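To start, the structure under review is shown below, and the notes come after it.
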Amino acid sequence: MLVEELGGDARVIGAASPIEGLLGLKAPSSAYFAEIANQTHTGLPPAIRSAVGETRVIVEDFANEALLASLDIEDPFELTGVYEGVDLTQRSVLDLVPMPSTIRLFRRPILDEWFDSDTGIASLIEHVFVHEVAHHFGYSDADIERAEG
């Protein structure tokens, strides 16, 4: 199953045990993360996908220092993604055409969370992407946590 989720990127060569087999695995690439995020976007219900519009997805290993400081986050492993843009609750018909929103996914923190969980990597990427899409609709982190129950 792990190899399937990695899209065939994983290589287990001559593994004598499951632990040795893990040593042959490669961490999913930024391209893989972007592919899963784009598939998730495509799979959203049509009304939501339409409202999300032309949201750009950028995958980086970590958030930059300025972003971390603006969010008062010291440990870069604490931020798995961020929504950048004007959420729908703050937009007006009088606004100029807004720049496309951007969702940034931070690969290394997501990989770190994946390592410590029972969740598949594709499911975790989807979860982070949908979490950031919720911010596009004006939901706060607290709102999202309540909805996730």
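So that you can map any letter, position 16 of the sequence shown is 25 in this note's numbering, and since no number is skipped, the others follow by simple counting. We put the beta carbon where it would ideally sit given N, CA and C, even for glycine. Because the structure is a prediction, the values reported are computed rather than measured.
Among the options, the one whose alpha carbon lies nearest that of residue i
{"i": "SER39", "options": "VAL142, ALA131, SER149", "result": "ALA131"}
{"i": "GLU87", "options": "THR64, PRO55, GLU69, GLU122", "result": "GLU122"}
{"i": "SER149", "options": "LEU120, ASP125, PHE124, TYR92", "result": "TYR92"}
{"i": "GLU63", "options": "ILE153, ILE112, LEU34, TYR41", "result": "ILE112"}
Whole-angstrom C-beta distance between residue j and residue i, which should lie under 8 Å
{"i": "PRO85", "j": "ALA75", "result": "Rounded, the Cβ-Cβ distance is 12 Å, inconsistent with contact."}
{"i": "GLY94", "j": "SER79", "result": "So it is not a contact: roughly 15 Å between Cβ atoms."}
{"i": "LEU114", "j": "ILE82", "result": "No, LEU114 and ILE82 are not in contact; Cβ-Cβ is about 16 Å, not under 8 Å."}
Buried/exposed call for residue i, threshold 16 Cβ in 10 Å
{"i": "THR51", "result": "exposed"}
{"i": "GLY90", "result": "buried"}
{"i": "PRO118", "result": "buried"}
{"i": "GLU141", "result": "buried"}
{"i": "THR128", "result": "exposed"}
{"i": "ARG155", "result": "exposed"}
{"i": "ALA46", "result": "buried"}
{"i": "ALA151", "result": "exposed"}
Three-way DSSP call (helix, strand, coil) for residue i in this model
{"i": "THR89", "result": "coil"}
{"i": "GLU69", "result": "strand"}
{"i": "ILE134", "result": "helix"}
{"i": "THR64", "result": "coil"}
{"i": "THR111", "result": "strand"}
{"i": "GLY147", "result": "coil"}
{"i": "ALA36", "result": "coil"}
{"i": "THR128", "result": "coil"}
{"i": "ASP84", "result": "coil"}
{"i": "GLY52", "result": "helix"}
Close Cβ partners of residue i (< 6 Å) along its chain, the five nearest in sequence each way excluded
{"i": "ILE57", "result": "none"}
{"i": "ASP70", "result": "ARG116, ARG117"}
{"i": "THR49", "result": "GLU135, PHE138"}
{"i": "ALA43", "result": "VAL66, VAL68"}
{"i": "ALA143", "result": "ILE153"}
Residues near residue i by beta carbon distance below 7 Å, same chain, minus five either side
{"i": "LEU53", "result": "VAL61"}
{"i": "LEU120", "result": "ALA36"}
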